[in-house]
Amino acid sequence: MTPSQMIYIMIAICVVFMAVILFAKPLKMLLKMSAQAAAGMAAAYILNFILSPLSLSIGINLLNALVVGILGLPGLLSLYIIQAML
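For the sequence shown, the working numbering assigns the number 629 to the initial residue and increments by one for each residue that follows.
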């Protein structure tokens, strides 16, 4: 391996390391929101099953997942309250 190749490899390692440091916090926030949205949609699915005799259910879709992912449990409850008012 030539010295210039070693320098290119070291520069590439530094760039990757800096990218990981730069994007660590937004990536962590995105993963947390995704996990929260998945758990919220699972809860919505279960609540839809339980509340179906009362004809109260919300759709399982991307918009509702986004609301639940950002707002969490209050978002899920607000979706059901809005559906009950409609």
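No residue lacks a Cβ here, since even glycine has one placed at the ideal position from N, Cα and C.
{"Query": "DSSP three-state call for residue 646: helix, strand or coil?", "Result": "helix"}
{"Query": "Here's a check: name, in chain order, each residue in its chain whose Cβ is nearer than 8 Å to the Cβ of residue 644, leaving out the five neighbours to either side.", "Result": "none"}
{"Query": "State yes or no: is the C-beta of residue 686 within less than 8 Å of the C-beta of residue 711?", "Result": "yes"}
{"Query": "Our contact map puts residue 698 next to residue 669 with C-beta atoms below 8 Å; I'd like the distance itself, whole angstroms only.", "Result": "Actually they are not in contact, since the Cβ atoms of residue 698 and residue 669 sit about 13 Å apart, beyond 8 Å."}
{"Query": "Between the Cα of residue 660 and the Cα atoms of 714, 700, 713, 706, which residue gives the shortest distance?", "Result": "700"}
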